[in-house]
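Trainee:
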Amino acid sequence: MKPLAVTAFTSTTAAGAGNTALQAALEAGVSGLRYNDFTTTPLDGHIGRVTELDSVAWPEAFAEYDCRNNRLAWLGLQQDGFLEAVNAASTRYGAARVALVVGTSTASIGATEEAYSRLEPEGLFPLDLRRPAVHTPHSLGHFLAVALGLGGPCVTVATACSSSAKVFAQAERLIRLGIVDAAVVAGVDTLCGSVLFGFNSLELISPEPCRPFDTARSGISLGEAAGYALLEREASADAWFVGHGESSDAHHMSSPHPEGLGARIALEAALERAGLPPAAVDYINLHGTASVKNDEVEAAVISSMFLADVAVSSTKGWTGHTLGAAGIVEAVVCLLALRHGFRPGNLLARELDPLCGPQWKLTGEAAPVRVALTESFGFGGNNCVLLFSAERTQ
Amino acid sequence: MKGTLQVSVSGVGFWCPRMPGWQVACEVLRGTSPMPVAEQARPSPVLLAPTERRRAPDTVAVALEVASRACEMAGVSPQDLPSVFSSTHGDLPINDYMCATLASTPKLLSPTKFHNSVHNAASGYWTIGTGSHQPSTALTAWADSFAAGLLEAMVQCQADNTPVLLVIYDVAAKGPLATVTPSAGMLGGALVIRPGHVAGAVAHLSCAVQETTISGGSNAALPEPWAPALAGIPIASAGALFAGLASAESHRLVWPVGRTTSLVVEVNPLNGVA
Numbered sequence: 000m001k002p003l004a005v006t007a008f009t010s011t012t013a014a015g016a017g018n019t020a021l022q023a024a025l026e027a028g029v030s031g032l033r034y035n036d037f038t039t040t041p042l043d044g045h046i047g048r049v050t051e052l053d054s055v056a057w058p059e060a061f062a063e064y065d066c067r068n069n070r071l072a073w074l075g076l077q078q079d080g081f082l083e084a085v086n087a088a089s090t091r092y093g094a095a096r097v098a099l100v101v102g103t104s105t106a107s108i109g110a111t112e113e114a115y116s117r118l119e120p121e122g123l124f125p126l127d128l129r130r131p132a133v134h135t136p137h138s139l140g141h142f143l144a145v146a147l148g149l150g151g152p153c154v155t156v157a158t159a160c161s162s163s164a165k166v167f168a169q170a171e172r173l174i175r176l177g178i179v180d181a182a183v184v185a186g187v188d189t190l191c192g193s194v195l196f197g198f199n200s201l202e203l204i205s206p207e208p209c210r211p212f213d214t215a216r217s218g219i220s221l222g223e224a225a226g227y228a229l230l231e232r233e234a235s236a237d238a239w240f241v242g243h244g245e246s247s248d249a250h251h252m253s254s255p256h257p258e259g260l261g262a263r264i265a266l267e268a269a270l271e272r273a274g275l276p277p278a279a280v281d282y283i284n285l286h287g288t289a290s291v292k293n294d295e296v297e298a299a300v301i302s303s304m305f306l307a308d309v310a311v312s313s314t315k316g317w318t319g320h321t322l323g324a325a326g327i328v329e330a331v332v333c334l335l336a337l338r339h340g341f342r343p344g345n346l347l348a349r350e351l352d353p354l355c356g357p358q359w360k361l362t363g364e365a366a367p368v369r370v371a372l373t374e375s376f377g378f379g380g381n382n383c384v385l386l387f388s389a390e391r392t393q
Numbered sequence: 000m001k002g003t004l005q006v007s008v009s010g011v012g013f014w015c016p017r018m019p020g021w022q023v024a025c026e027v028l029r030g031t032s033p034m035p036v037a038e039q040a041r042p043s044p045v046l047l048a049p050t051e052r053r054r055a056p057d058t059v060a061v062a063l064e065v066a067s068r069a070c071e072m073a074g075v076s077p078q079d080l081p082s083v084f085s086s087t088h089g090d091l092p093i094n095d096y097m098c099a100t101l102a103s104t105p106k107l108l109s110p111t112k113f114h115n116s117v118h119n120a121a122s123g124y125w126t127i128g129t130g131s132h133q134p135s136t137a138l139t140a141w142a143d144s145f146a147a148g149l150l151e152a153m154v155q156c157q158a159d160n161t162p163v164l165l166v167i168y169d170v171a172a173k174g175p176l177a178t179v180t181p182s183a184g185m186l187g188g189a190l191v192i193r194p195g196h197v198a199g200a201v202a203h204l205s206c207a208v209q210e211t212t213i214s215g216g217s218n219a220a221l222p223e224p225w226a227p228a229l230a231g232i233p234i235a236s237a238g239a240l241f242a243g244l245a246s247a248e249s250h251r252l253v254w255p256v257g258r259t260t261s262l263v264v265e266v267n268p269l270n271g272v273a
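Protein chains in written order, with numbering that gives the first Met the number 0: chain X, 0 to 393; chain G, 0 to 273.
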C-alpha cells in the first residue's frame with residue numbers, strides 16, 4: 000500500500016499522560032498498575048487507572064457529553080500538541096476532508112451502569128444522566144467530532160480489543176480512495192463494571208499485577224487509556240503507516256484459535272501489504288495479555304515466524320490491558336520505538352515461558368528501530384496487525 | 000469523479016417480525032400483498048446448530064439470518080466474503096441485563112452474557128459459523144449507523160476489489176435503558192455487493208461523500224407501506240435503500256455520515272423484482 004504519514008500521535012495511560020511520560024516509564028521499567036481501588040464491590044486484582052482523570056478541567060460547553068470515557072478522551076487530546084495538530088490539518092484540508100475513525104469496546108457504558116445504580120423508583124434514569132449522548136456505543140465518536148470540529152465521515156469501530164487497531168486500516172482505505180485527505184484515528188476505553196466483573200466471570204483477572212509471557216502468569220490486569228494518531232496522505236513525517244492485516248479466527252467467541260491461525264493470516268497480510276519480509280521487522284509489540292492461553296498461542300506464532308534478532312514484548316505490564324484502546328496505545332509504543340530507538344522489555348515477567356524464543360527479553364534495550372509491528376486480538380476472534388516504518392518504504 | 004464508488008448489489012437479506020424475508024417485504028412494498036398482521040418472534044438461522052439457535056441473542060439470530068439469505072441469493076460462499084456489521088445500539092437487552100446485574104450482584108454476572116455483550120458478537124458468530132478467516136468489522140455511528148456501514152462496505156469493496164457482505168441490525172430496547180435509547184423492534188438487513196457495475200445484479204449503486212451544510216439531513220424517508228412494521232427502529236434509516244432495490248425506478252438517496260458530510264447514493268435497480 001502507499002504509506003501514510005503519521006504526523007502526530009499521543010497516548011495517555013496509567014503509565015502517564017503523554018508520550019514523554021510513557022517513554023520515561025518504558026525506559027525506567029516503572030509499571031502503572033495498582034491494586035483495584037475502582038469498584039465499590041471488592042474485586043481482587045490490579046488495574047491501570049489514569050490518576051490525572053480526577054483533575055480534568057471539563058468545559059461547560061461539553062456538559063451533555065460528560066462521562067469518564069469522554070473526560071479521558073479530552074485529557075488525551077491535550078497531550079503532545081495533538082489538538083493543535085488536528086486543528087492545523089482541519090484548516091489545511093477543510094474540516095469535511097478529515098475523517099474521524101474511533102475505536103472503543105465499552106464507550107461510556109460506565110455512565111449507563113451508574114444510571115442503573117441510581118434509578119428513580121419508576122425505573123427512570125436519574126435526571127443528571129438522562130443524556131442519550133453518553134448511552135450510545137458511538138458516544139466517543141460523537142463527542143470527538145464536536146470537540147475537534149471535524150466534519151468528515153465519523154464512525155466507531157467496536158470489535159472489542161482489536162477496535163483501535165482496525166481504525167488505522169479503515170482510515171487508510173478512506174484516504175486511499177480519495178474520500179478524505181486525512182484522518183484522525185483514536186481509541187479510548189475506561190474502567191467500568193462491565194469489563195472488570197465481566198472478565199472476572201470468565202476467571203481471567205489475575206490477583207497479582209499481570210505478568211505477560213511469564214511461566215507463572217495468572218491472567219490479565221485491566222487498564223484505561225486514550226490514544227490518537229493523525230494520518231495524512233501527503234506530508235513530511237518521521238514515521239509512516241505502511242501496512243495492515245485483518246483476519247478472523249473462526250474458532251471461539253472468547254478464546255484464541257489454538258494454532259493462532261487468525262494471527263498468522265493477519266501477520267502475513269500486513270507484511271504483504273507493506274511489501275516487507277519478516278526479517279525487516281525490528282520490534283514487535285505483542286498482544287500479550289498475560290492470559291494463559293493468549294500468551295501460549297502468540298508465543299508459538301511469533302517464535303515460528305520471526306528470526307532471533309527481532310525484539311518482541313508486551314507492554315501490558317505498564318498499562319494493563321486497555322481493551323478497545325489497546326490497539327492504538329500499542330501503535331504509539333511502536334511509533335515511540337521508531338523515534339527513540341528503544342525496544343521495551345517484558346515488564347513484570349520474571350521467568351519467560353519456555354515457548355518464548357530468543358526474541359523475548361525481560362528488559363528493554365537501546366537499538367535502532369526502522370520497522371515496528373503491533374498485533375491486537377479481540378473477542379469474536381477478531382485480529383488486526385499494524386506496521387509502521389521510519390522510512391517511506393514504497 | 001474522484002472518490003466515487005461504484006458497486007453492484009447481488010444479494011439481499013431482510014427480516015423483521017411482520018415481514019420475515021425479502022420476498023414478503025417486496026410484495027408489501029409493491030402492494031401485491033397486505034402487511035401481515037402476525038408477528039414471528041425471531042428468525043431461526045440455519046447457520047447455528049439447533050441448541051445454539053435457541054441460546055443465541057436476538058441480535059445474533061437476526062444478523063445471521065439475513066446474512067445467510069443475502070449470500071444465498073448472490074450465489075457466493077459466505078466464508079469467502081469480508082464482512083461489515085453495523086448496528087445503532089448493539090444488543091440493548093444484554094446491556095440492560097449487564098447494567099441491572101452490576102447494580103445488584105456484580106459477582107454473579109454471566110460469562111456468556113459478557114462475551115455476547117461485545118458489539119461484534121454477531122460478526123464473531125458469523126465468522127465462526129461460516130468458518131471464515133476473512134476480515135470482519137462491527138461499526139456504529141448512532142443515527143448514522145446504516146450510512147456508516149454502507150460507506151465502509153463500499154469502500155472495502157472498491158479499495159480491495161472484493162465482494163463484501165454488509166449486515167445491519169437493531170433489536171427492541173428493554174428495561175430502563177429504553178427510556179433514553181428507544182428502539183421499537185427488530186430489523187435485520189444484508190447486502191452482498193461486488194465491485195463495479197456488473198450484469199445480472201439486483202441494482203447498481205454509485206456513491207460519493209459530499210460536503211453539506213451543518214443542517215444537512217437525510218432525504219431517505221421510510222417507505223410508507225413498510226412504516227407500520229419499521230417505525231421507531233433506528234437502523235430502519237436503511238429502509239429507503241432496500242425499497243430502492245425493489246423499485247422499478249432510480250433513486251438518489253442522501254444520509255449524513257459526518258457533521259458536515261453526507262453519503263449520496265444513486266440506486267439503479269436492474270429488474271425491479273426480487
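Ideal placement from N, C-alpha and C gives every residue a C-beta, glycine not left out. Just so it is clear, the structure is predicted and the values come from calculations on it, not from any experiment.
(1) Indicate the three-state DSSP secondary structure (helix, strand or coil) for glycine 259 of chain X in the structure shown.
(2) What did DSSP end up calling leucine 58 of chain G once you bin it into helix, strand or coil?
(3) Comparing alpha-carbon positions, which option in X:Arg33, X:Pro2 and X:Trp317 lies nearest alanine 20 of chain X?
(4) Quick one: grab the DSSP three-state call for glutamine 22 of chain X.
(5) Would you verify that the beta carbon of serine 107 of chain X is, or is not, closer than 7 angstroms to some beta carbon of chain G?
(6) Tell me, please, whether the stretch 5-18 of chain X touches the stretch 216-229 of chain X by the rule of three or more beta-carbon pairs shorter than 8 angstroms.
(7) Starting from cysteine 153 of chain X, find everything on chain G with Cβ-Cβ shorter than 9 angstroms and list it in chain order.
(8) Whose CA, out of G:Ser109, G:Ala66 and G:Asn94, lies closest to the CA of glycine 123 of chain G?
(9) With three or more beta-carbon pairs closer than 8 angstroms as the criterion, would you say the stretch 257-265 of chain X touches the stretch 274-283 of chain X?
(10) Okay, do the stretch 112-123 of chain G and the stretch 134-147 of chain G touch, 3+ Cβ pairs below 8 angstroms being the bar?
(11) Once the 5 residues before and after valine 296 of chain X are set aside, which same chain residues still bring their CB inside 8 angstroms of it?
(12) Taking only runs that begin and end inside the stretch 147-234 of chain G, name each unbroken beta strand (DSSP E) of 3 or more residues, in chain order.
(13) Taking DSSP as the reference, what is the three-state secondary structure of valine 272 of chain G?
(14) Under the three-state reduction of DSSP, which class applies to glycine 323 of chain X: helix, strand or coil?
(15) Just curious, the beta strand (DSSP E) that histidine 250 of chain G is in, first and last residue?
(16) Straight-line CA distance for leucine 126 of chain X to valine 179 of chain G?
(17) For asparagine 119 of chain G, list the residues DSSP reports as bridge partners.
(18) Starting from glutamine 169 of chain X and walking both ways along the beta strand (DSSP E), at which residues does that stretch end?
(19) Got a sec: is the Cβ-Cβ distance from leucine 240 of chain G to anything in chain X below 7 angstroms?
(20) Cβ closer than 7 angstroms: which chain X residues qualify as neighbours of histidine 118 of chain G?
(21) What residues from chain G crowd round lysine 165 of chain X, counting only those whose CB sits closer than 7 angstroms?
(22) Taking a cut of 7 angstroms between CB atoms, which residues from the stretch 64-98 of chain X lie near chain G?
(23) Alpha carbon to alpha carbon, what distance is there between alanine 198 of chain G and isoleucine 93 of chain G?
(24) Taking Cβ-Cβ distances below 7 angstroms as the criterion, which residues of the stretch 177-188 of chain G are in contact with chain X?
(25) Just how far apart, CA to CA, sit threonine 214 of chain X and threonine 362 of chain X?
(26) For a cutoff of 7 angstroms on Cβ pairs, would you count valine 59 of chain G as touching chain X?
(27) By the DSSP assignment, the beta strand (DSSP E) with leucine 372 of chain X in it spans what residues?
(28) Determine the closest residue to leucine 52 of chain X out of X:Leu42, X:Trp73 and X:Pro120, with distance taken between C-alpha atoms.
(29) Taking CB distances under 7 angstroms as the criterion, tell me whether methionine 97 of chain G reaches chain X.
(30) What does the alpha-carbon distance come out to for the pair proline 105 of chain G and glutamate 113 of chain X?
(31) For histidine 196 of chain G, collect the residues of the same chain with a Cβ closer than 7 angstroms to its Cβ; drop the 5 residues on either side in sequence, then sort them by chain order.
(32) First and last residue of the beta strand (DSSP E) that includes tyrosine 282 of chain X?
(33) Output, in chain order, the set of chain X residues within a Cβ distance shorter than 8 angstroms of alanine 270 of chain G.
(34) Residues of the stretch 250-262 of chain X with a CB closer than 8 angstroms to any CB of chain G: list them in chain order, please.
(35) Report the residue from X:Leu337, X:Ala310 and X:Val291 whose alpha carbon sits nearest the alpha carbon of leucine 285 of chain X.
(36) Does any residue of chain G have a CB that is nearer than 7 angstroms to the CB of glycine 192 of chain X?
Mentor: So, from the data block:
(1) Taking the first sequence and counting its residues from 1, the one referred to as residue 259 of chain X is at position 260. Coil, per DSSP.
(2) As a position in the second sequence, residue 58 of chain G is number 59, starting the count at 1. For the sequence presented, residue 58 of chain G should be read as threonine rather than leucine. In the three-state scheme derived from DSSP, where H, G and I count as helix and E and B as strand, threonine 58 of chain G is classed as helix.
(3) Translated into the one-based positions of the first sequence, residue 20 of chain X becomes position 21. Closest by alpha carbon: X:Trp317.
(4) The residue labelled residue 22 of chain X in the question sits at position 23 within the first sequence. Residue state for glutamine 22 of chain X is assigned as helix, using DSSP reduced to three classes.
(5) On the first sequence, residue 107 of chain X is found 108 positions in, with the first residue counted as 1. With its beta carbon at least 7 angstroms from every one in chain G, serine 107 of chain X lies outside the interface.
(6) Cβ pair count under 8 angstroms is three or more, so yes.
(7) Here residue 153 of chain X is taken as the residue at index 154 of the first sequence, counted from 1. Neighbours of cysteine 153 of chain X on chain G, chain order: Ala140, Asp143, Ala147, Val256, Gly257, Arg258 and Thr260.
(8) Numbered from its first residue, the second sequence carries residue 123 of chain G at position 124. Out of G:Ser109, G:Ala66 and G:Asn94, the CA that lies nearest to the CA of glycine 123 of chain G is found in G:Ala66.
(9) Counting Cβ pairs under 8 angstroms, fewer than three are found: no touch.
(10) Short answer: they touch.
(11) Residue numbering aside, residue 296 of chain X sits at position 297 when the first sequence is read from its first letter. Hits under 8 angstroms: Pro255, His256, Pro257, Glu258, Gly259 and Ala262.
(12) Listed in chain order, the complete beta strand (DSSP E) runs (minimum 3 residues) inside the stretch 147-234 of chain G are 163-169, 186-194 and 202-210.
(13) Taking the first residue of the second sequence as 1, we reach residue 272 of chain G at position 273. Reliability of the predicted coordinates at valine 272 of chain G is poor, the pLDDT of 49 falling under 50, and the value obtained from them is presented with this limitation in mind. For valine 272 of chain G, the three-state secondary structure derived from DSSP is coil.
(14) The residue labelled residue 323 of chain X in the question sits at position 324 within the first sequence. Residue state, collapsed to three classes: helix.
(15) Counted from its first residue, the second sequence places residue 250 of chain G at position 251. Unbroken beta strand (DSSP E) run through histidine 250 of chain G: 250-257.
(16) Indexing the first sequence from 1 puts residue 126 of chain X at position 127. Indexing the second sequence from 1 puts residue 179 of chain G at position 180. Going by C-alpha positions, leucine 126 of chain X is about 11 angstroms away from valine 179 of chain G.
(17) Mapped onto the second sequence, residue 119 of chain G falls at position 120. Looking at the DSSP assignment, asparagine 119 of chain G forms no beta bridge with any residue, so it has no partner.
(18) By one-based count along the first sequence, residue 169 of chain X stands at place 170. Looking at the DSSP string, glutamine 169 of chain X is not in any beta strand (DSSP E); the run it does join, the alpha helix (DSSP H), is 162-175.
(19) Looking up residue 240 of chain G in the second sequence gives position 241. Closer than 7 angstroms: no.
(20) By one-based count along the second sequence, residue 118 of chain G stands at place 119. For a Cβ distance threshold of 7 angstroms, residue set Pro136 and Ala157 of chain X lies close to histidine 118 of chain G, ordered along the chain.
(21) If you number the first sequence from 1, residue 165 of chain X lands on position 166. Contact annotation for lysine 165 of chain X against chain G: Thr136 [CB-CB distance below 7 angstroms, chain order].
(22) With the criterion set as a beta carbon lying under 7 angstroms from some beta carbon of chain G, the members of the stretch 64-98 of chain X are Ala94 and Ala95, in sequence order.
(23) Here the question's residue 93 of chain G lines up with position 94 in the second sequence. Here the question's residue 198 of chain G lines up with position 199 in the second sequence. Isoleucine 93 of chain G and alanine 198 of chain G have their C-alpha atoms roughly 43 angstroms apart.
(24) Going along the stretch 177-188 of chain G in chain order, one finds Thr178, Val179 and Thr180 with a Cβ nearer than 7 angstroms to chain X.
(25) Taking the first sequence and counting its residues from 1, the one referred to as residue 214 of chain X is at position 215. Taking the first sequence and counting its residues from 1, the one referred to as residue 362 of chain X is at position 363. For threonine 214 of chain X and threonine 362 of chain X, the gap between their C-alpha atoms comes out near 16 angstroms.
(26) For the purposes of this step, residue 59 of chain G is taken as the residue at position 60 of the second sequence. Using beta-carbon distances, valine 59 of chain G does not count as an interface residue toward chain X, since no partner is under 7 angstroms.
(27) For the purposes of this step, residue 372 of chain X is identified with residue 373 of the first sequence, where counting begins at 1. Per DSSP, leucine 372 of chain X belongs to the beta strand (DSSP E) from 370-377.
(28) Residue 52 of chain X sits at position 53 when you count from the first residue of the first sequence. Closest in alpha carbon position to leucine 52 of chain X, among X:Leu42, X:Trp73 and X:Pro120, is X:Trp73.
(29) In the second sequence, residue 97 of chain G corresponds to position 98, counting from 1. So, interface residue.
(30) Numbered from its first residue, the second sequence carries residue 105 of chain G at position 106. Numbered from its first residue, the first sequence carries residue 113 of chain X at position 114. For proline 105 of chain G and glutamate 113 of chain X, the distance between alpha carbons rounds to 13 angstroms.
(31) For the purposes of this step, residue 196 of chain G is taken as residue 197 along the second sequence, with counting starting at 1. Short of 7 angstroms from the beta carbon of histidine 196 of chain G, and not among the five residues preceding or following it, lie these beta carbons of its own chain, in chain order: Gln5, Ser7 and His203.
(32) Position 283 of the first sequence, counting from 1, holds the residue named residue 282 of chain X. DSSP places tyrosine 282 of chain X in the uninterrupted beta strand (DSSP E) bounded by 282-284.
(33) Numbered from its first residue, the second sequence carries residue 270 of chain G at position 271. In the sequence under discussion, the amino acid at residue 270 of chain G is asparagine, which differs from the alanine named in the question. At a beta-carbon threshold of 8 angstroms, none of the residues of chain X lie near asparagine 270 of chain G; the nearest stands roughly 29 angstroms away.
(34) Listed in sequence order: His250, His251, Met252, Ser253, Leu260 and Gly261.
(35) One-based indexing of the first sequence puts residue 285 of chain X at position 286. For the residues X:Leu337, X:Ala310 and X:Val291, the minimum Cα distance to leucine 285 of chain X belongs to X:Ala310.
(36) The residue you call residue 192 of chain X lines up with position 193 of the first sequence. By this cut-off, glycine 192 of chain X is an interface position.
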